[in-house]
Amino acid sequence: VQAALDVVDRMCSSGSSVSIETLHPIFRACEQTCDFDL
304 VQAALDVVDR
314 MCSSGSSVSI
324 ETLHPIFRAC
334 EQTCDFDL
C-alpha cells in the first residue's frame, strides 16, 4: 500500500494526471489490510 501511495505521490508531483480510478484499488487495499496510516 505504501509503495502504491508513493507512486501516486510522485505522479502528482511530476504533474501527471491521476484519476480517481487509480486511487480506488489503493483505498480497497487499505481497508483490507487495515493499513490506515496514510
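Numbered per my numbering, the sequence shown spans residues 304 to 341.
From the three backbone atoms N, C-alpha and C, an ideal C-beta is built for every residue, glycine too.
With residue i and residue j assumed to form a contact (beta carbons below 8 Å), what rounded beta-carbon distance in angstroms separates them?
i: V311; j: I323; result: With 8 Å as the limit, V311 and I323 do not qualify as a contact, their Cβ atoms being about 11 Å apart.
Which of the three DSSP states, helix, strand or coil, is assigned to residue i?
i: V345; result: For the chain, the structure presents residues 304 to 341; residue 345 sits outside this window and is missing.
i: A337; result: One point to set straight first is that residue 337 is Cys, not Ala, in the sequence displayed. Three-state result, C337: coil.
i: V321; result: coil
Cutting at 7 Å between CB atoms, please list the residues of its own chain near residue i, excluding the five before and the five after it.
i: T336; result: V304
i: S314; result: Residue identity differs from the one stated: residue 314 is Met in this sequence, not Ser. So the list reads V321, once near-sequence residues are dropped.
For residue i, I'd like the list of residues in its chain whose CB is within less than 6 Å of its CB, leaving aside the five on either flank, ordered along the chain.
i: A307; result: I329
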